Structures are given as C-alpha cells and as structure tokens.
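Let me begin by presenting the structure, written as structure tokens, before commenting on it.
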Amino acid sequence: MTKTNRKKIKRYMEGEVAGLSIFLIVIVIAFSLASPKFLTGANLSSMAIQLPELGLLTLAMLIPILSGGLNLSITYTANMSGLALAWTLQAFGGPEAGVEAFILGCVLAFSVGALSGFVIGFVVAYTKAHPILVSLSMMILMRGIGEFMSHGKDITGFPQFVQNIGQGEIGGIPIPLLVFIACAIVWHIILSRTRQGFGTYMLGSNIMATAYSGISTKRNLIILYTLSGLMCSVAGIIMLSRFNSVRVGHGESFLLITVLACFLGAVNPFGGFGRVVPVVLALIILQVLTSGLNILGSNQHLSTALWGIFLIAVMVLRWAWWRFSIKIK
Amino acid sequence: MNFRKLTITLTSLAVGIVSSAGAMAADTELGVVVKIGGIPWFNAMEAGIAERAKELGVKAFMIGPTSADPALQVRAIEDLIARGVTAIGVVPNDAEALEPVLAKARSKGIKVITHESPDQKNIDWNFELASAKGFGEAHAKLLAEKCGGIGEYAVFVGSLTVPLHNAWADAAIAYLEKNYPGMKLVSERYGVAENVDDSRKTALDLMSAHPNLNGFLGFGSQGPIGAGRAIQERRKAGKIHVLGPLSPGQGMRLIKAGVISGGFMWNPKEAGRVFVTLADMVVQGKDVTAGMDIPGLGVVNPDFRTRNIIANQMVTINEDTVDELAAMGL
C-alpha cells in the first residue's frame, strides 16, 4: 500500500465518522424540533437501555463480516446461551438461585456461544464452505435444539440480582449500556491492536495473499468465529436479564438489522475494511430513528418508508462526503 | 487533523444538547403496541382505536412492530414510556418477556391494559372479547342446531399443542355431551386446522369412514375452509355442516355457496375501541366495578384477583355478515 493510498483510506474513514456524526446531529435536531419529548432525559435513557441488545449482536456480526464472511446464527446462538443460563438458574432454585449459580450459568452460556462459533469457524476453515451456508446451518441447528429442549416455551423466574443487571443503573448509566461500551472497546482493541485483528482484515481483503504471507488463515477463522459466538453469549445474557425470561426466537428480527448496522457503519460488505466506531455511530442513528418515530407516533405504514428514505440519505451523504474529501486533497 | 477535531466537536455537541424532562400531561394519551403491524387484523384494530379516540376526544395511537418478535414490543413500550403517555395497551407476542418493561411503566404511573393475555401480571386490566368456554360453546350450540341435535361430528384443531384451540374444543365437546346426547364425536380431535390441504384430506377420509358424519368443527383458521372444500367435492353441501372461526375474506365464497354454515369471531375493531374506552376510564380514575356497563364489553364481571375482564362479545360469521367483515379486510 503506497503512502498516498493509505492517506486516502484514512481520510475516507474519517469521512465516515464525520459523515455519520453530522447525519446523527441532523436527525437529532429534526426530531427535537418535531417533538418536545424527544430531547428529554426519559427518552435518552430509554434509548440507552434499548441500544445494547442490538449493539452486542452487531458486534458479533461485525468480525465475521470484516473477514469476508457472515454469521447468520447470532440471534439463535444468543438464545441458546440464554437458555443455558436460564436452565442453570432454574436447577439452582429459580428466584432463590445464588451468585454462584449465575456465574456457573454464565460459564455455560459462554461455552455454548464459543462452541457454536468454533464449529462454524472450523467448518469454514477446513471445508472452505461459504460462511453463509455454514452459519445458516448452525442457525437452524441452534433453533432446533432450543425448540426441542424448551418446547418453544418461556423459561422465566430468575433471582432479583439478575433482573438488576438488565434494569439497573450505575451512575445514571444503564448497566447493559456499560456492558456494551466495554465490549465495543474490547472489539476495537482486538481489531486495531492485535495479530488476530490484523489477520481478520487481511482475510477479508485477500485470503490467498494472507495465506501466502504466512498467516494461519485456519486458526484465524476459527478464533474470529469463536469470538463472534462469545459476543452472542453476552447478548443472550443481557437479553435474559432485560426480559426476565428466555424463549427461542427472542430478538430474531435483529438479525438483518445487525447486517444493516454494519453496512451503515461503513463496513465493506466484501470484508477487509470497517471499524468499530462508525458501526457504533450507525447503531445510535438506527436507535434515534426508531425511538424518534415512535415518539412522534407517526403512522406505522409511513415510518417503514421513512426508514428507507433515511438509509438512502446516509448513502448519498457518504458519497458526497467522499467526493468532497478527495477533491480538497 | 481537522476532520477529527470537527468530529469530536460535533459529537460532543450532540451529547450536550440535553434538555430537562417535559411535564406529563394529565389528559389520556394511549399508545397500543400490537403483535405486528400491517396485517388486516391489526389494521382493523387501529381503525377502532382512532374512531373511539375521536369520539372521546382523547389521544390514542397504535404501534405495530415490523415483525412478531417480543423484543420489538419491549422496545416500542420503552419508547412509549419515554414519550410520557398516560396509558399503554398491549396485545402481547410473549407475555413473560413484557413483564419487566410493563412493571417499569406502572412504576411511572402509566396505566397498562392488555388484550388476549389472561396470565399477565403487571397490568391494570386485561380484557377478552370471548372466553374460551363461551367461544367453544357458541360453536357447539350452532352445530347442534344445524344438525338437528342428532348425528356424528369430528373436531379439528390447529395443532394439539395450541392451548387456546384445545380449550375451545374441550368446551365444545363437553357442551355437546351434556346438552345433546344424540351428537356423537367420531374420534379424537385432529391437529390439521392450520393447513387447508391437511384439513381437506382428513375431512375426505373421515367422510368415507363414517357415512353418518354430518358435522365438522374446525378450530383453526384453515380447518373450516379445508373441510368445506371436501364437502363441496363430495357434493354434500347442506347435508354435512361445517363451523368454525375462519377468515371471512377467505371463506366468503364457501359461506355463500352454503357449504360452510359459519362461525364466530371477535372483532378486532371493537377490541381497539375497548382499549381506548378502558384506558380513558382508568386514567381518569374511574375504575372498573362489577356490574358496570362498559361500551363494547357489555355488563362486566371483572376478576379482581387476576385483573381479567372477560366478555362474550362475539361476532357471527354467516351469509349476512360475511360481506361486511370481509370488506374490513378480515
């Protein structure tokens, strides 16, 4: 990569952050003007509580996309992790279960997530099957096991402290949001400062060249899908504490939105390029859009169309910014 | 780095513009979160909500998530709490998953009304327009009348694991056993009524196996349609009677051909109206009492322990009403 090229890409990335920030400010101002209830503490905290579930799943989707793949099993892996924790809590007395049971349950939940990711990574690495096919199979498997073992029913009744994780606040910031921020920082560090992260970007750019340059692509693929699975477990645990129940299918509608959030956050659909910060900004934008439209009480049929308009607007703004920043070079 | 500076300034600006919370309105403002938006059933409910809100001069609107995912309902309710509505209505996808967020709403003084969720805990009231028993019995009674009180009948349910369909079937069978001893159930119920083809095939088989069969009860939207087609094929219209809750639009032709006798349903538009009526009552501090006459519910006999108001306001689907119901898109 030549120096000018690198500069160009760097500028492009900054353009992404600035472009998304400007768009965010525009819609925040627009919604504030449209409704006095938008910029209130109540709404900001409501948005802060809602963001993490989707955010964590988006982080789980991000790393596979960067490597040029996809993980379609994220929501059901999160469900299965949640079920593992729920059953552990139930086995230790449901509402009376202690902290030890919760910790054991979390370990099991993480094991489920890691195993799911590991299997996807292993199959993708060794059979060279397309990740869409592999993770789709894993999604069906997870869903099937979950439905078989839970009979599609809710598992509910957890100790108060578990609910507090989902509902509580520390210093006015909801705990799920703190968890999300911590996970986003970890993801940022992994992607920008570690061999694994570097390898992931390289895989997404050119897997052949990566293999020839001495990076173990198989190892890298297995680790990156395992990481994705672990993040699903975090999402599953947070959803459990938020809803005080687990059922196969909770959050299934998030799957496509996580992909959308990644692409909106300037992640290259073919892998190789993308960062955590713009994706987080994209998540905030999506949250502002849904909450804003709900607060306005706009017509439901219209709001779907508005979503589309907003998304197209982001693409246009991005293009405009890119043209602009290249010209002034 | 100008861009970075700009970014930081803009982001901090965005975070910085935080004004204090607005004052809560004392007037009734109701937000109803339904299972999913954009389908005829909930479009009719939305029409009912808007109509009744206009009559009472209150603010009420409906939110229909883009998919029937409980997580989306939770998010919509969070937004309603933030908006500061005085009442929230819900038709839950998953009663359990909503409990924490409904508890949060109630802790903020928001009144909560649910529909089709009799086991919900964190609510002010749940209302049903038809009890499982009343619904099953109404169908059983009509079937017995059509068959003249004597004959053999079979029962279809959506699936053997759908609690509501089986509760209807239980009530219907028990009613016929008690009141019409001449009506004989030919076999166990069949879990085919969510599938037109399965219902049709099962009905054809049953008609061959039981020559005296003269009635079908189909609890599940496709059951009556499938059985109706089977009867049409065998040219037994008028001799074998089919009843069940069905989609009026889908069943219109068979009803008009006299193949399906009809059935009962509850009207989602009426449910929408009741949401507004009830919400306005509780927000204005006028709580529900036994024997009260509430528009849309009739004289109510609420269960104060489970917070359920169960009425029997069924709509009859037959030759005369099917056009109007189908015109509503149902």
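Order-wise, the sequence lines are chains A and B. With the numbering used here applied, the first sequence corresponds to residues 126 to 454, in that order. With the numbering used here applied, the second sequence corresponds to residues 1102 to 1431, in that order. No residue lacks a Cβ here, since even glycine has one placed at the ideal position from N, Cα and C. Model, not experiment: these values are computed from the prediction.
- Scanning the segment 375-410 of chain A for uninterrupted alpha helix (DSSP H) segments of 4 residues or longer gives 379-389, listed from N- to C-terminal end.
- Here Met1415 of chain B carries a coil assignment [DSSP, helix/strand/coil].
- Contact note: Ile199 of chain A does not reach chain B at a C-beta cutoff of 7 Å; the least C-beta distance is about 13 Å.
- Between Glu1179 of chain B and chain A, the shortest Cβ-Cβ separation is below 8 Å.
- Assigned with DSSP and collapsed to three states, Ile1251 of chain B falls in coil, not helix or strand.
- For Phe1365 of chain B, the closest of B:Asp1388, B:Thr1407 and B:Gln1414 by C-alpha to C-alpha distance is B:Gln1414.
- The secondary-structure analysis by DSSP pairs Ile1164 of chain B across a beta bridge with B:Val1134.
- Scanning its chain for C-beta atoms nearer than 7 Å, with the 5 sequence neighbours on each side dropped, one finds around Val404 of chain A the residues Thr183, Leu187, Ala386, Cys387, Gly390 and Val392, in chain order.
- Boundaries of the alpha helix (DSSP H) around Phe273 of chain A: Pro256 to Ser275.
- Boundaries of the alpha helix (DSSP H) around Glu1197 of chain B: Ala1196 to Ser1208.
- Assignment of Asn1280 of chain B by DSSP, reduced to helix, strand and coil, places it in the helix class.
- Positions of the beta strand (DSSP E) runs, each at least 3 residues long and wholly inside the segment 1267-1327 of chain B, are given as 1284-1286 and 1314-1320 in order along the chain.
- Chain-order list of chain A residues neighbouring Gly1235 of chain B: empty, with the shortest C-beta distance near 26 Å, by a criterion of under 7 Å.
- The Cβ of Ala1372 of chain B sits no closer than 8 Å to any Cβ of chain A.
- Partner residues in the beta bridge of His1216 of chain B, as assigned by DSSP, are B:Phe1228.
- Rounded to the nearest whole angstrom, the CA to CA distance from Thr1378 of chain B to Met1163 of chain B is 14 Å.
- Interface annotation for the segment 1155-1186 of chain B against chain A: Phe1162, Met1163, Ile1164, Gly1165, Pro1166, Thr1167, Ser1168, Asp1170, Pro1171, Ala1172, Leu1173, Val1175, Arg1176, Ala1177, Glu1179, Asp1180, Leu1181, Ile1182, Ala1183, Arg1184 and Gly1185, criterion Cβ-Cβ distance under 8 Å.
- Taking each of B:Phe1405, B:Pro1369 and B:Glu1200 in turn and checking the Cα distance to Pro1141 of chain B, the smallest one comes out for B:Pro1369.
- Nearest neighbour of Gln175 of chain A by Cα position, chosen from B:Glu1152, B:Gly1132 and B:Ala1172, turns out to be B:Ala1172.
- Secondary-structure assignment with DSSP links Phe1365 of chain B through a beta bridge to B:Thr1417.
- A distance below 7 Å between beta-carbons, with the five flanking residues on each side excluded, links Gln1323 of chain B to the following residues of its chain, in chain order: Ala1294, Glu1295, Asn1296, Val1297 and Ser1300.
- By the neighbour-count definition (other C-beta atoms within 10 Å, threshold 16), Asn289 of chain A is an exposed residue.
- A straight line joining the alpha-carbon of Phe435 of chain A with that of Ala216 of chain A spans about 47 Å.
- Remark: C-beta atoms of Ser358 of chain A and Val249 of chain A do not approach each other more closely than 8 Å.
- For a Cβ distance threshold of 8 Å, residue set Gln288, Gly291, Gln292, Arg367, Phe368 and Asn369 of chain A lies close to Pro1201 of chain B, ordered along the chain.
- Shown here, Asp1388 of chain B sits in coil according to DSSP, grouped into three states, outside any helix or strand.
- Annotated three-state conformation of Asn1144 of chain B is helix, per DSSP.
- Neighbours of Asp1404 of chain B across chain A, judged by C-beta separation under 7 Å, do not exist; the nearest C-beta is about 22 Å away.
- From the listed residues A:Gly396, A:Gly433, A:Arg400 and A:Gly397, the smallest Cα separation to Leu414 of chain A is found for A:Gly433.
- Interface flag for Asn419 of chain A against chain B is set, since a Cβ pair is found closer than 8 Å.
- For Gly1319 of chain B and Asp1180 of chain B, the gap between their C-alpha atoms comes out near 40 Å.
- The C-alpha of Ile1395 of chain B lies about 7 Å from the C-alpha of Val1401 of chain B.
- Partner residues in the beta bridge of Ser370 of chain A, as assigned by DSSP, are A:Thr281.
- When only Cα atoms are considered, Met205 of chain A and Gly361 of chain A end up about 8 Å apart.
- Within the segment 1238-1271 of chain B, no residue has its Cβ closer than 7 Å to any Cβ of chain A.
- Comparing alpha carbon positions, the residue from A:Ala239, A:Leu195, A:Thr202 and A:Ile332 closest to Thr351 of chain A is A:Ala239.
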